[in-house]
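Residue numbers (the UniProt record's numbering): 1 to 296.
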């Protein structure tokens, strides 16, 4: 009999949890074992593979290039396993769909509209979690709303909202600095809010032929924090009209200029190509695409 060279499944499960959750401690908590047990299983898998799949960085773990490639396949395999399990169990419980979303999309769009879908689909249990676009490789949701150029290996991407940008500030800030809305070149004289995920101010400078570099100012992690900083009157931020114009309508924000900047990135609804969508997932995909089209 030919012996099949199958990987140690306990070790693969530990690796999947570490890659998805971002560390051994969180993986140990989910699997109900100790962090040292997780480390042992990772070592077993490294030995089986003949190369390391994770490495130490500071006090945590990150995936190696081989680990990232392996996780793509492992993630798909677990998705198939979950899908098969859900199909067998769905007769005795509601159908669950997992949706990963960028924080700003959740705050500015999803939670304002998702009740419409839930009201029409009471048989679906929707599980929403955050997805951060610097770490899409760890995204384990069935569906995910992503921001980028629309090309992710192994994923089908449906464009749902524009990613164009424009400058915004709070109404109170504009009341104190009305001249800021008279000429794009004058923005260099005011406090700017910088989103570290997006170096947009230099692009804005180039578009309007502003000399020099954008002034330094408040640096925040993502668009959600940039929005909050602008609402709180801390300066001027480059934000996405497709998401934040609702805050203009509500009176919290002011948009300084009508023209906007396209940087080649938009919002996409994504799912694995090799994993067929369930009927419940197809319903959510159809609703999201249609609802975003009518709100843009």
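Even for Gly, the Cβ is constructed at its ideal location relative to N, Cα and C.
Alpha-carbon spacing of residue i relative to residue j, whole angstroms
i, j, result
"residue 75", "residue 129", "17 Å"
"residue 124", "residue 105", "21 Å"
"residue 171", "residue 252", "6 Å"
"residue 206", "residue 186", "14 Å"
"residue 61", "residue 40", "14 Å"
"residue 46", "residue 54", "8 Å"
"residue 160", "residue 102", "13 Å"
"residue 232", "residue 16", "40 Å"
"residue 265", "residue 165", "10 Å"
"residue 201", "residue 33", "47 Å"
"residue 58", "residue 162", "37 Å"
Closer than 8 Å to chain B by CB, residue i
i, result
"residue 230", "In summary, chain B is missing from the structure at hand, where a single protein chain is found."
Which of helix, strand or coil DSSP assigns to residue i
i, result
"residue 255", "strand"
"residue 129", "strand"
"residue 271", "strand"
"residue 70", "helix"
"residue 278", "coil"
"residue 170", "strand"
"residue 200", "helix"
"residue 215", "coil"
"residue 76", "helix"
"residue 95", "strand"
"residue 113", "helix"
"residue 101", "strand"
"residue 195", "strand"
For residue j and residue i, believed in contact at Cβ under 8 Å, the rounded distance
i, j, result
"residue 11", "residue 44", "5 Å"
"residue 272", "residue 150", "With 8 Å as the limit, residue 272 and residue 150 do not qualify as a contact, their Cβ atoms being about 15 Å apart."
"residue 214", "residue 196", "The Cβ separation is near 13 Å, so there is no contact."
"residue 28", "residue 37", "7 Å"
C-beta atoms of residue i and residue j nearer than 8 Å
i, j, result
"residue 190", "residue 239", "no"
"residue 278", "residue 95", "yes"
"residue 256", "residue 217", "no"
"residue 97", "residue 65", "no"
Burial state of residue i (16 or more Cβ within 10 Å)
i, result
"residue 209", "exposed"
"residue 281", "buried"
"residue 286", "exposed"
"residue 237", "buried"
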